[in-house]
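Enquirer: Using our numbering, read the sequence shown as starting at 57 and increasing by one per residue.
The following block contains the structure, expressed as structure tokens.
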Amino acid sequence: MPVEPVTRWQTENIHLTLADTEYSIVLPSSARQYRFRCRTAFVIRYAYETGKVAAPTEKYLSLPANADYMSDANDITGLTIYFASDEADVVVEMEIWK
57 MPVEPVTRWQ
67 TENIHLTLAD
77 TEYSIVLPSS
87 ARQYRFRCRT
97 AFVIRYAYET
107 GKVAAPTEKY
117 LSLPANADYM
127 SDANDITGLT
137 IYFASDEADV
147 VVEMEIWK
């Protein structure tokens with residue numbers, strides 16, 4: 057079965073106002089791919105399960121400063137992604153393709 061091409065996209069900014077505090081985003085219905093990065097040069101932590109990123113607890117992932125993460129999944133509707141950083145006032149920029 058062929059995969060339909062991505063035809064729409066949206067951007068989101070997730071504001072990590074406080075250091076070591078969990079913030080999240082639920083991807084919208086029909087989301088097919090996403091990419092995120094830290095707007096400033098800080099490391100961010102992310103996970104697909106709550107309670108892992110604020111006080112780092114396995115299993116979480118780190119995104120180094122000045123790097124992007126891009127999914128290659130095709131069906132991610134309703135996925136929740138959790139973010140945190142050691143720094144305050146961090147903005148995670150996200151692109152979501154539908």
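Even glycine gets a Cβ: it sits at the ideal position worked out from N, Cα and C.
#1: Starting from Ile132, trace the beta strand (DSSP E) both ways and give me its first and last residue.
#2: Can you say whether Tyr104 is buried or exposed, counting buried as having 16 or more other CB atoms within 10 angstroms of its CB?
#3: For Arg93, which of helix, strand or coil comes out of DSSP?
#4: Less than 8 Å between the beta carbons of Phe98 and Tyr125, yes or no?
#5: Quick check on Leu119: does DSSP put it in helix, strand or coil?
Expert: Let's see:
#1: For Ile132, no beta strand (DSSP E) encloses it, and the DSSP letter there is neither H nor E.
#2: exposed
#3: strand
#4: no
#5: When DSSP states are grouped into helix, strand and coil, Leu119 belongs to the strand group.
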